[in-house]
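Taking the numbering used here, the leading residue of the sequence shown gets 387, the next gets one more, and so forth. C-beta atoms are modelled at their ideal positions from N, C-alpha and C, and glycine is treated no differently. Down below is the structure, laid out as structure tokens.
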Amino acid sequence: MHWHDDELISEEETQPSKKNWRIISKLLPYFKKYKIKIIIASILLLFSTLLTLLGPILIKRVIDIEIPQKNMQGLLIIAFIYLAVQLFIILVRYFQEIEIQKVGERAIADLKSDLFEQLLNIPVAHFDKNPVGRLISRVDSDTETLKFLFSQTGVVLIQNIALIIGMSIVMMVVNWRLYLLILFMLPIFLLIFWWFERSVRPVYLAVRKKVAEINGYIIETLHGLPIVQIFQQETNFLKKINTLGKEKCAVEIKALSYWYRIWCFVDLGEVIGIILVLGVGGIWALQGAITIGTIFLFISYITRLFGPLRRLSDQVNVIERAFASAERVFQVLATKREGKEQEKELVKNFRTHITFKDLSFYYENENWVLENLNFKIKKGERIALVGETGGGKTSIVALLLKFYEPQKGTILLDDTCISKINRNSLRAMIGFVPQDVILFPGSIMENLRLFDEQISPHKVIEAATRACIHDRICKLPKSYDTNIIEQGVNLSFGERQLLSYARALVFDPDILILDEATSSVDPESERLIQIGMKELLKDRTAIIIAHRLTTTRLADRVLVIHKGRLIEQGTHAELLSAEGYYHKLYKLQYLSVAR
387 MHWHDDELIS EEETQPSKKN WRIISKLLPY FKKYKIKIII ASILLLFSTL LTLLGPILIK
447 RVIDIEIPQK NMQGLLIIAF IYLAVQLFII LVRYFQEIEI QKVGERAIAD LKSDLFEQLL
507 NIPVAHFDKN PVGRLISRVD SDTETLKFLF SQTGVVLIQN IALIIGMSIV MMVVNWRLYL
567 LILFMLPIFL LIFWWFERSV RPVYLAVRKK VAEINGYIIE TLHGLPIVQI FQQETNFLKK
627 INTLGKEKCA VEIKALSYWY RIWCFVDLGE VIGIILVLGV GGIWALQGAI TIGTIFLFIS
687 YITRLFGPLR RLSDQVNVIE RAFASAERVF QVLATKREGK EQEKELVKNF RTHITFKDLS
747 FYYENENWVL ENLNFKIKKG ERIALVGETG GGKTSIVALL LKFYEPQKGT ILLDDTCISK
807 INRNSLRAMI GFVPQDVILF PGSIMENLRL FDEQISPHKV IEAATRACIH DRICKLPKSY
867 DTNIIEQGVN LSFGERQLLS YARALVFDPD ILILDEATSS VDPESERLIQ IGMKELLKDR
927 TAIIIAHRLT TTRLADRVLV IHKGRLIEQG THAELLSAEG YYHKLYKLQY LSVAR
């Protein structure tokens, strides 16, 4: 795998505000299908929010009328109304929260499903430049941030905007002159919020980048943990994660410093508002122009008014994180997929041969991995590819599977260039047994048929029997229903290898690509693997990437690949007698085993 530190977001993406509406427009389709529930929840939210305005109004009446008139009955009635209103608000908010959380969960589940479908259809080359941990961060943590944006931040925004508008109307009706004193501060706060949004956006993009980088590093380290422990490099890996953590901490602190500044401005605004009401309103009250109840109502509303502003400043923090997450999520969704190639030729099998003609290929920067390859594989022929690591053997297979396109030359299936053949049609003819056995979460049965329920259990059991793994599966606690744990750690390496053979036999491909495993196993497992391999290769065109040169005896012809070029070919015996590069490799491996 080729690792790069290229950013997933361009400089253009870090520009604040310009992209917000575009992001929102992309998010809206995920919520449109739940618009009825959203409307109901919004009505309940607005209703409960406006009801909270009644509290200070009722208390104002108590201060201005009921207490001066010593009206006990009126006091009790207002207390009862106040209690009833509060209980009703709690009930309404309960149903509103349930509905909004349902919508949030379902919409984000749809988004995650689209992301996963996208990842399944992205070209393999994309993963060369984007570590798995970074992509996991997109599917998991970034989408969860968006869920929080809708189910929590969205609710707070609607609630607080409604509260601000409602309180403004009430204060203007009660005493418009006192309200105007408070209103003059609004442009100042709008200017502060505008500055904050522009300043903090790039910082939160940097935070998300660091989070993804740390997630990727942890995931890849855990995958290779045995190597870390064997070579006793725990300290060095810990230093690396500590360095990444400090870098993230520095960016987080910068973001928090912006947030605390705006929080202080909001607090200062509340203090100024209360001073204005107490000062000017107090003078007017002494002059008999307004009542004490009016001063209470204004102070109560100012406290409630700046409470929402403070919560809104909190939510700007969340919103900026969410927009940064959304940009990354939608960049994954915008990644070019493998074309459907509906117009290309469909083939069900091949008749005579596969031809590699003048084939040259590089991954990047014209560092040629393969150069001017020419060879032909006849139908039913078994070819072994041998050579040093990095010589280009795996790249040949990747080109045949159309994971990449060659820069020069062609691959022909019979007489048709595979670039003109439908990709899925081509891959349906090819079975692949990788060097590192890949098993998925689920049962053995599900792994052998790759979750395709149209494949009958009988066919699976037949394939497992031919691969010499059926008896071992039957000895497991739940037989074929036994769950695979973490890439098959509950199975031996030999059992995992035989399962990969059985899986290939289930799909019974015309062409088999076998990337031979290099790990050693016990003699009995080795015997079963050899039997399974012979059964797998039987009556089938095969390309074997051979790491143990003894395996080449199973091949009809051996191709020696050195530095991307085909330098020798022939049978195992012919190449040994020629005493060329293959003979040298064989001697080195034989001596290594002897030692």
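Three-state secondary structure (DSSP) at residue i?
i, result
"T400", "Annotation note: pLDDT 42 at T400 (below 50); position unreliable, no value reported."
"G679", "helix"
"T927", "strand"
"I409", "helix"
"V944", "strand"
"N758", "strand"
"I416", "Correcting the residue identity first, residue 416 is Tyr in this sequence and not Ile. Correct three-state label for Y416: helix."
"Q539", "According to the sequence displayed, residue 539 carries Thr and not Gln. T539: helix per DSSP, three-state reduction."
"F534", "helix"
"S842", "coil"
"K970", "helix"
"G490", "helix"
"V875", "coil"
"E503", "helix"
"G817", "strand"
"E791", "coil"
"T802", "strand"
"F570", "coil"
"F736", "coil"
Tell me which same chain residues have a C-beta within less than 7 angstroms of the C-beta of residue i, skipping the five on either side of it?
i, result
"D496", "Y416"
"I859", "I830, A850, S865 and Y866"
"S686", "P442"
"N561", "I676 and T680"
"R768", "L923, A928, I930, L940, A941 and D942"
"T802", "E731"
"K498", "V525 and T529"
Using the beta-carbon count (16 or more within 10 Å), is residue i buried or exposed?
i, result
"M553", "buried"
"I782", "buried"
"I931", "buried"
"K924", "exposed"
"H844", "exposed"
"Q793", "exposed"
"E452", "buried"
"R981", "With a pLDDT of 47 at R981, under the threshold of 50, the predicted position of this residue should be treated as unreliable, though the coordinate-derived value follows. It is exposed - the Cβ of R981 has fewer than 16 other Cβ atoms within 10 Å."
"A548", "buried"
"N808", "buried"
"V510", "exposed"
Which residues in the same chain have their Cβ closer than 6 angstroms to the Cβ of residue i, if we skip the five residues on either side of it in sequence?
i, result
"S396", "Interpretation of S396 is limited by its pLDDT of 38, a score under 50 that renders its predicted location unreliable; no figure is taken from the coordinates."
"L921", "Checking the displayed sequence, the identity of residue 921 turns out to be Glu instead of Leu. Closer than 6 angstroms at the Cβ level, and outside the excluded window around E921, lie R852."
Per DSSP, what are the beta-bridge partners of residue i in this structure?
i, result
"Y480", "Per DSSP, none; premise fails for Y480."
"I422", "None, per the DSSP bridge assignment."
"R647", "R647 pairs with nothing; no bridge assigned."
"A770", "I930 and V944"
"D368", "Nothing can be reported for residue 368, as the shown portion of the chain is limited to 387 through 981."
"F742", "F761 and I797"
"V556", "In DSSP, V556 forms no bridge with anything."
"L952", "I947"
"N869", "S829"
Would you say residue i faces chain D, with C-beta separation under 8 angstroms as the test?
i, result
"M831", "In summary, chain D is missing from the structure at hand, where a single protein chain is found."
Relative to the alpha-carbon of residue i, which residue among the options has its alpha-carbon at the smallest distance?
i, options, result
"I568", "I476, F789 and G659", "G659"
"A710", "I669, Q793 and V597", "V597"
"F761", "G778, Y967, F736 and I797", "I797"
"V478", "I429, E452 and T741", "I429"
"A708", "Q487, L961, L608 and L535", "L535"
"I766", "S805, F736, F789 and R951", "In the sequence on display, residue 766 carries Gly and not Ile. Measuring from the Cα of G766, the nearest candidate turns out to be F736."
"E633", "T802, V593 and V666", "V593"
"L812", "L825, K734, I763 and L974", "K734"
"I847", "F893, R563, G828 and I484", "F893"
"E438", "Q545, L799, A636 and L624", "Looking at the sequence itself, residue 438 is Thr, so the reference to Glu does not match. The candidate whose alpha carbon is nearest that of T438 is Q545."
"I600", "L576, C635, W580 and D857", "C635"
"E491", "I463, F433 and I424", "I424"
"Y790", "I804, D800, L799 and G777", "I804"
"F684", "R926, L564 and D450", "L564"
"I855", "E881, L432, T775 and V715", "E881"
"I763", "D896, I422 and G665", "D896"
"I484", "R447, F466 and S537", "S537"
"G365", "L566, L543 and I604", "Any question about residue 365 goes unanswered here, given that the chain covers just 387 to 981."
"I508", "L473, V944, R835 and T721", "T721"
Might you give, ordered along the chain, the residues of its own chain that have their beta carbon closer than 8 angstroms to the beta carbon of residue i, omitting 5 neighbours on each side?
i, result
"E620", "V614"
"K779", "L771, V772, G773, I931 and I947"
"I578", "I648 and F651"
"I678", "I449, D450 and A671"
"V489", "F417, Y420, K423, I424, A427, F536 and S537"
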